[in-house]
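Asker:
Numbering (the working numbering), first residue to last: 13 to 95.
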């Protein structure tokens with residue numbers, strides 16, 4: 013019997029859907045990584061974190077509405093365990 017390795021759960025945050033899809037495709041071949049959600053800006057990410065519990069967030073710094081630099085302090089304050 014094989015023990016299944018726990019996957020690293022990731023949310024990808026970028027305002028360019030084509031870039032997000034490219035990252036999702038690139039990570040799809042990794043056995044230990046699972047993309048659980050995607051967000052198009054920091055505000056969208058913060059809303060999705062109410063429902064999704066990732067281990068890690070890939071965060072673009074240059075986005076409209078709420079960029080990565082505005083989002084990061086809020087993430088660290090409310091979700092300090094997320095990388």
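The beta carbon of each residue, even a glycine, is placed where N, CA and C say it ideally should be. Everything numeric in this text was worked out from a predicted model, so none of it was measured.
Report, in whole angstroms, the separation of the C-beta atoms of residue 23 and residue 55, which I expect to be a contact under 8 Å.
Answerer: Rounded, the Cβ-Cβ distance is 13 Å, inconsistent with contact.
Asker: Run through the stretch 32-91 for me and flag every whole alpha helix (DSSP H) of 4 or more residues, listed as ranges in chain order.
Answerer: Whole alpha helix (DSSP H) segments, 4+ residues: 54-60, 80-90.
Asker: Excluding sequence positions up to five away, which residues of its chain have a Cβ less than 6 Å from the Cβ of residue 50?
Answerer: Hits under 6 Å: 24, 32.
Asker: Identify every residue that forms a DSSP beta bridge with residue 94.
Answerer: Paired residues: none, contrary to the question.
Asker: How would you write the range of the beta strand (DSSP E) that residue 21 sits in, first residue to last?
Answerer: Start and end: 20-25.
Asker: Assign residue 71 to one of two classes, buried (16 or more other C-beta atoms within 10 Å of its C-beta) or exposed (fewer than that).
Answerer: By the 10 Å Cβ count, residue 71 comes out buried.
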